[in-house]
Amino acid sequence: MVSTVAVKRALSALASRTDTATRPSVAVIDEADAARADLRRAAAFVDADGLDRLDDAIAAAERDGDEAVAERGREARAAFRRFREAAADGGSGEGGDGRAAGVAGDTTE
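Reading the sequence shown from the start, the letters are residues 19 to 127 in our numbering.
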């Protein structure tokens, strides 16, 4: 079995590689963007400190002058905020007025 120390060392080496064709900031934003399409993948991204990495990646893309990549990152970040807000709603499926989200209220009198 592989030790935790060895795994951490290997992951650290992968994270700091500079010989890849994709800049690390772009890879993180790609990962976040792809995770938005699948709830399990989104949860795994968040559990792996993905939001902190995403914020760092957005800042790096902005520093690099890559506005398109930074914007994709900001859009992904906004989506994760919406996910968090929906989860904080308790998963009740209700909007703020107590009705099921997206369901019109009773218009009869």
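Ideal Cβ positions, reconstructed from N, Cα and C, are used throughout, including at glycine.
Other residues of its chain near residue i: CB distance less than 7 Å, five sequence neighbours each side excluded
i, result
"Ser30", "none"
"Phe101", "Ala60"
"Arg90", "Ile47, Asp51"
Proximity of residue i and residue j at Cβ, strictly below 9 Å
i, j, result
"Asp48", "Thr40", "yes"
"Arg54", "Ala88", "no"
"Pro42", "Ala78", "yes"
Below-9 Å beta-carbon distance, residue i vs any chain D residue
i, result
"Pro42", "Looking for chain D here will not work: only one protein chain is present."
As assigned by DSSP and simplified to three states, the class of residue i
i, result
"Arg54", "coil"
"Gly91", "helix"
"Gly83", "coil"
From the options, residue whose alpha carbon lies closest to that of residue i
i, options, result
"Ala45", "Glu85, Ala33, Arg95", "Ala33"
"Ala94", "Asp70, Gly83, Arg27", "Asp70"
Exposure label - residue i; buried when at least 16 CB within 10 Å
i, result
"Arg81", "exposed"
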